[in-house]
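Accompanying notes for the structure given below.
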Amino acid sequence: RLLMATIAGMVASRSFLYCNNKLVFFPLFTKVKSSLFHSQKTLFSRKLHKNPAFFTSIRCIQSTHNSLEMENQDVGIVHRPNVVNILEERGLIESTTSENLRSVCLNSKPLKVYCGFDPTAESLHLGNLLGIIVLSWFQRCGHNAVALIGGATARVGDPSGKSIERPELDVETLEKNTVGIVDAVSKILSRWNKNSNSEISFENNSNLNSAENGALNVGLDDSFVIMNNYDWWKDMKMLDFMREVGKFARVGTMMAKESVKKRLESEQGMSYTEFTYQLLQGYDFLYLFKNEGVNVQIGGSDQWGNITAGTDLIRKILQVEGAYGLTFPLLLKSDGTKFGKSEDGAIWLSPSMLSPYKFYQYFFSVPDVDVVRFLRILTFLSNEEINVLEEEMKRPGYVPNSAQRRLAEEVTRFVHGEEGLLEALKATEALRPGAETKLDWKTIEGIAEDVPSCSLAYEEVLNASLIDLSVSTGLLESKSAVRRLLKQGGLYLNNIKVASEGKTIETGDIVDGKVLLLSAGKKNKMVVRIS
């Protein structure tokens, strides 16, 4: 059925394969035994005869159907979007180990690209998001992504970008962290092809709209895989590693790595364990290249030394070329400070550590000077659409924070899905006094981490004066302050403006029988949990 739908789409769009001066379509599938396919073959042939158009963009659709085999695999170059051009255009490339990567990514065989994530915390954070985004760009351009969990390397600790040695983590913590990271990465990377809002717009992206770079935007469930390097390190013996890998590593080259030089110049110095980290990561690339066909490693600019350690080992040990490295810039604000930290610490990707609402609000508060650049780096919106937003920001009548709102929506959707975005939007609306959105217990609980809250017994709340409750919960300091605010029209119960001083709490006021939301003006709020 997948095959038939694909062919029907090609026919409907007047798109056919033109190869070696001949129309080649059905001969590619000569071993298909489906009677449905053969019954439609004549009809499609007639359509081919009536519509002799040629298509220069084909993407092989993988199928698990046992009766489908492709007899003629080598039909020349498969044209797909040039992912290197796209990443470069959006400011997502710092360095590559070879300019050849730009042309290699257009070969008939898709690339297999990996990015490593050490489980040093139970959730990934905003600093890791760029790696996932770049992996997703490769996915969307027809390549295969590999997320490598560093179950082994996390036991050593990457010194890159660190001024002191990382604290050692016990096995139980590492395993717990691994579960959380695998869950997050798998959800994010498998979500895009189910969400039409996240798909590439081929019409509106300068690197996607030409015949040379066009491709069918088909999401494949097997376009990514998650692996753990502990699977091959757990059986590695020290002597084997020294003989098979260590003898190919030059100490002078290792000492010249930026991550090593900085630490050696510091007071803390560097342990032998940390010094060998680059060899461990280098061996990961060698193993994946040799056994899994992975030919590209990506990472932040601080990973350049570790990535080139891998390409060097592949070249020296296997005596072959074809392994590439690509780094992207670290996520920085325009003032040079790291983007991804808040007053409360890291911006986590896991909803259990940072609510979708708070995640959304972080991006909503991005300064105007940074928002356009972050739209290019952190979203999959076309450059044309981003340019329109940039122009609108310069015009009179521009609604403040419109670009930030779009940024927050796109990034929250990518990380937390449509459900997480709706939760964030609902919570945002819930915090706006006078909002017409009906509140529920889950929405109010979702913002309880971000506003003051207290707990009261049911009998303390029911029939209580709202003025008294506003003081006893700490919303305002005195009854006179409450009355003054009430007369000014600034006192709200569950986002509904209160006009009467005699207002008491009724059964219907208690949201889902569990909670109240009191508001004094726009920003001063109190969540009252009721037991």
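Using the numbering used here, you'd call the opening residue of the sequence shown number 355 and step up by one each time. Virtual Cβ for every residue (Gly too), placed ideally from N, Cα, C.
Which residues in the same chain have their Cβ closer than 7 Å to the Cβ of G843, if we skip the five residues on either side of it in sequence?
-> Position 489 of the sequence shown, counted from the first residue, corresponds to residue 843. Take G843, set aside five residues on each side of it, and the residues of its chain with a beta-carbon closer than 7 Å to its own are K851, in chain order.
Beta-carbon proximity of V805 to K857, cut-off 9 Å | Numbered from 1 along the sequence shown, position 451 holds the residue referred to as residue 805. Numbered from 1 along the sequence shown, position 503 holds the residue referred to as residue 857. In this structure, K857 does not lie closer than 9 Å to V805 by Cβ.
Would S620 be called buried (16 or more neighbouring beta carbons within 10 Å of its own) or exposed?
-> Your numbering for residue 620 matches position 266 in the sequence shown. Taking all protein chains in view, the Cβ of S620 is surrounded by fewer than 16 other Cβ atoms within 10 Å, so the residue is classified as exposed.
What's the call for T691, buried or exposed, on a 16-neighbour Cβ count within 10 Å?
-> To locate residue 691, count along the sequence shown from 1; it is residue 337. Exposed, because fewer than 16 other Cβ atoms sit within 10 Å of the Cβ of T691.
Taking V539 and I486 to be in contact with their CB atoms under 8 Å, please state how far apart those CB atoms are, rounded to whole angstroms.
-> Position 185 of the sequence shown, counted from the start, is the residue given in the question as residue 539. Position 132 of the sequence shown, counted from the start, is the residue given in the question as residue 486. The pair is a contact, with the Cβ atoms about 7 Å apart (cut-off 8 Å).
For I503, three-class secondary structure by DSSP = Indexing the sequence shown from 1 puts residue 503 at position 149. Three-state result, I503: strand.
Any alpha helix (DSSP H) of 4 or more consecutive residues that is wholly inside the segment 684–751 | As summarised for the segment 684–751, the continuous alpha helix (DSSP H) elements at least 4 residues long and confined to that stretch are 710–718, 722–732, 737–748, given in chain order.
Buried or exposed: where does T861 fall if 16 or more other Cβ atoms within 10 Å of its Cβ makes it buried?
-> Against the sequence shown, residue 861 aligns to sequence position 507. By the neighbour-count criterion, in which 16 or more other beta carbons inside 10 Å mark a residue as buried, T861 falls on the exposed side.
Nearest candidate by alpha-carbon position, reference E527, set W491, S477, R545 | Here residue 527 is taken as the residue at index 173 of the sequence shown, counted from 1. This sequence places Thr at residue 527; Glu is not what is there. Per the Cα distances, S477.
So which of K833, F639, S807, L685 has the shortest CA-CA distance to S819?
-> The residue given as residue 819 occupies position 465 in the sequence shown. Sorting K833, F639, S807, L685 by C-alpha distance to the C-alpha of S819 places K833 at the top.
Segment limits, beta strand (DSSP E) that includes N645 | Within the sequence shown, residue 645 is the residue found at index 291, counting from 1. N645 -> not in any beta strand (DSSP E); alpha helix (DSSP H) instead, spanning 631–646.
With V536 as the anchor, note down where its alpha helix (DSSP H) starts and where it stops.
-> Position 182 of the sequence shown, counted from the first residue, corresponds to residue 536. Counting along the chain, the alpha helix (DSSP H) containing V536 begins and ends at 525–545.
Going by C-alpha distance, which of D594, T451, I884 is nearest C808?
-> Within the sequence shown, residue 808 is the residue found at index 454, counting from 1. The candidate whose alpha carbon is nearest that of C808 is I884.
Spatial distance of F717 from Q493 (CA atoms) = In the sequence shown, counting from the first residue as 1, residue 717 sits at position 363. In the sequence shown, counting from the first residue as 1, residue 493 sits at position 139. Looking at the two C-alpha atoms, the distance is approximately 25 Å.
Specify, as a first and last residue, the run of the beta strand (DSSP E) that M581 falls within.
-> As a first step, residue 581 is located in the sequence shown; it is residue number 227 there, counting from the start. Taken as a continuous stretch (DSSP letters only), the beta strand (DSSP E) holding M581 covers 578–582.
Are the segment 705–715 and the segment 774–781 in contact at 8 Å, needing three or more beta carbon pairs?
-> Flag = yes, the segment 705–715 and the segment 774–781 touch.
Cβ pair count under 8 Å reaching 3, the segment 468–482 against the segment 662–671 = Verdict: no, contact absent.
Can you tell me the Cα-Cα spacing of I652 and L779, whole angstroms?
-> Walking along the sequence shown from the start, residue 652 turns up at place 298. Walking along the sequence shown from the start, residue 779 turns up at place 425. Each residue's Cα considered, the two are about 33 Å apart.
Whole-angstrom distance between D638 and N645, CA atom to CA atom = Here residue 645 refers to the residue found at position 291 of the sequence shown. Here residue 638 refers to the residue found at position 284 of the sequence shown. Their Cα atoms are separated by approximately 10 Å.
Mapping DSSP to helix, strand and coil, what is S885?
-> One-based indexing of the sequence shown puts residue 885 at position 531. In the three-state reduction of the DSSP assignment, S885 falls in the coil class, being assigned neither a helical nor a strand state.
R760 beta carbon less than 9 Å from that of L743 | Locating residue 743 in the sequence shown gives position 389, counting from the first residue. Locating residue 760 in the sequence shown gives position 406, counting from the first residue. The criterion of a C-beta distance shorter than 9 Å is satisfied by L743 and R760.
Apply the 10 Å Cβ neighbour rule to M624 and answer buried if 16 or more other Cβ atoms are within range, or exposed otherwise.
-> For the purposes of this step, residue 624 is taken as residue 270 along the sequence shown, with counting starting at 1. It counts as buried.
Roughly how many whole angstroms lie between the Cα atoms of A663 and S736?
-> The residue given as residue 663 occupies position 309 in the sequence shown. The residue given as residue 736 occupies position 382 in the sequence shown. Near 35 Å, if we compare the C-alpha coordinates of S736 and A663.
Using the Cα positions of S560 and R456, report the straight-line distance between them to the nearest angstrom.
-> What you label residue 560 is simply residue 206 of the sequence shown in a count that begins at 1. What you label residue 456 is simply residue 102 of the sequence shown in a count that begins at 1. Confidence at S560 is low in this model, with a pLDDT of 42, below 50, so the placement of that residue is unreliable and no value is reported for it.
By a C-beta neighbour count over all protein chains shown, 10 Å radius and 16 as the cutoff for buried, is M581 buried or exposed?
-> Here the question's residue 581 lines up with position 227 in the sequence shown. Its Cβ being crowded by 16 or more others within 10 Å, M581 is buried.
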